[in-house]
Amino acid sequence: MVGPMDTELKQRKAVVGRRRTRPTGSVQPEEVNDSGAKERTDTDKNMATMFSILKNKRSVKLENLVLNRNSFAQTVENLFALSFLVKDGRAEIKVNENGWHLVSPRNAPDAGKVVSGEVAYRHFVFRFDFKDWKLMISAVEVGEELMPNRNQINMPSDSLADPIPVETQAGGPTTPIRKFSRNRGLVLQEKTVVEDSTPENDNIQVRIPAFRKGKRKMR
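Under UniProt numbering, the residues of the sequence shown are numbered 1 to 219, in order.
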């Protein structure tokens, strides 16, 4: 084809700018009252209790300080508290001529001595497992433990009450029920079956044989 073609021009879309609106109210950050003291964690409480014991006793055996013969978990918690006291420089562990580990209190070093290198931190690994806890129980006499049992302090009085026995229905016949167990194979379990006898159930049981007898007579 020769000559111009009829083409329609595309209409440009008008650009509409967004209107800028000034904020009517000023937004300020919420003021937090930081004057209140933070809640002390359980480790902080254990550290305070242990440090007060060290100040009163001056020098104690390590196993007497951390042992709780009623709870392995609390013994581990006491070890954590002692490790933090040693890390902060408020307690030190020494070995005497008899091979006993003795723990005694001390004043924390100044920050300047730590920065200058005059005071250096030393780390060591303390091995402790359930068997060690049993050996520690046999080595420490009853009543020589220094850290208190925290269950007696923090447990409510309601939880110490005797458990209420659950009443069971007596007199019901027991029937053995065969149950297949994946681990033990075919086992027998006795379950109590309580038979509720009501007048309606008795009437139903009476009607069923009567209906069967009548059906047989019709044949």
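For every residue, glycine included, the Cβ atom is placed at its ideal position computed from N, Cα and C.
Are Leu85 and Leu62 close, meaning C-beta to C-beta below 9 Å? Mapped onto the sequence shown, residue 85 falls at position 85. Mapped onto the sequence shown, residue 62 falls at position 62. No, Cβ-Cβ distance for Leu85 and Leu62 is not below 9 Å.
Which whole-angstrom value is the C-beta distance of Leu79 and Phe130, which I expect to be below 8 Å? On the sequence shown, position 79 is the one that residue 79 refers to. On the sequence shown, position 130 is the one that residue 130 refers to. Not really, about 13 Å apart at Cβ, beyond 8 Å.
Can you tell me whether Val16 is buried or exposed? The criterion is at least 16 other CB atoms within 10 Å of its CB, across all chains shown. Looking up residue 16 in the sequence shown gives position 16. Val16 should be labelled exposed.
Just to confirm my understanding: we take Ile93, look at its own chain, exclude 5 residues before and 5 after, and list those with CB closer than 6 Å. What are they? Taking the sequence shown and counting its residues from 1, one reaches residue 93 at position 93. Cβ-Cβ distances below 6 Å link Ile93 to His101 and Val103 in the same chain, with the five nearest sequence neighbours on each side left out; the list follows chain order.
Out of Gln74, Arg58 and Asn56, which one is the CA nearest neighbour of Phe128? Walking along the sequence shown from the start, residue 128 turns up at place 128. Cα-wise, what sits closest to Phe128 is Gln74.
Same chain, Cβ closer than 7 Å to Asp42, neighbours up to 5 away in sequence not counted: By one-based count along the sequence shown, residue 42 stands at place 42. Counting only Cβ-Cβ distances below 7 Å, and skipping sequence neighbours, we find nothing.
Cβ atoms of Leu67 and Val60: under 9 Å apart, would you say? Sequence index remark: in the sequence shown, residue 60 carries index 60 (1-based). Sequence index remark: in the sequence shown, residue 67 carries index 67 (1-based). No, these two residues do not count as a Cβ contact at 9 Å.
Hey, could you find the ends of the beta strand (DSSP E) Val119 is sitting in? For the purposes of this step, residue 119 is identified with residue 119 of the sequence shown, where counting begins at 1. Annotation for Val119: no beta strand (DSSP E) segment contains it, and DSSP assigns it neither H nor E.
Taking C-alpha atoms, which residue in Gln28, Glu97 and Asn56 lies nearest to Arg106? The sequence position of residue 106 within the sequence shown is 106, counting from 1. It is Asn56 whose Cα lies nearest to the Cα of Arg106.
How about Val140 and Arg69: are their beta carbons less than 9 Å apart? The sequence position of residue 140 within the sequence shown is 140, counting from 1. The sequence position of residue 69 within the sequence shown is 69, counting from 1. It is a contact, given that the beta carbons lie within the stated cut-off.
Quick one: does Ala91 have its CB under 9 Å from some CB of chain D? In the structure shown, chain D cannot be found, because there is only a single protein chain.
For Glu63, three-class secondary structure by DSSP: Numbered from its first residue, the sequence shown carries residue 63 at position 63. Helix, per DSSP.
In this structure, does DSSP put Leu9 in helix, strand or coil? Along the sequence shown, one-based indexing puts residue 9 at 9. Residue state, collapsed to three classes: coil.
Pro109 versus Leu65: straight-line alpha-carbon distance, rounded: The sequence position of residue 109 within the sequence shown is 109, counting from 1. The sequence position of residue 65 within the sequence shown is 65, counting from 1. Each residue's alpha carbon lies about 23 Å from the other.
Indicate the three-state DSSP secondary structure (helix, strand or coil) for Glu97 in the structure shown. Locating residue 97 in the sequence shown gives position 97, where the first residue counts as 1. In this structure, Glu97 counts as coil in the three-state DSSP scheme.
Cα-Cα separation between Ala91 and Pro29, rounded to whole angstroms: The residue labelled residue 91 in the question sits at position 91 within the sequence shown. The residue labelled residue 29 in the question sits at position 29 within the sequence shown. One C-alpha to the other measures close to 43 Å.
Could you give the residue range of the alpha helix (DSSP H) that holds Thr43? Here residue 43 corresponds to residue number 43 of the sequence shown, with the count starting at 1. Run containing Thr43: Asp42 to Lys57, per the alpha helix (DSSP H) assignment.
Between the Cα of Gly89 and the Cα atoms of Glu97, Phe51 and Arg150, which residue gives the shortest distance? Looking up residue 89 in the sequence shown gives position 89. Comparing Cα positions, the closest option is Phe51.
Mind checking Leu146: buried by the 16 CB within 10 Å criterion, or exposed? In the sequence shown, residue 146 corresponds to position 146, counting from 1. Buried, because 16 or more other Cβ atoms sit within 10 Å of the Cβ of Leu146.
What is the rounded straight-line gap between the Cα of Phe124 and the Cα of Asn98? The sequence position of residue 124 within the sequence shown is 124, counting from 1. The sequence position of residue 98 within the sequence shown is 98, counting from 1. In a straight line, the C-alpha of Phe124 is about 20 Å away from that of Asn98.
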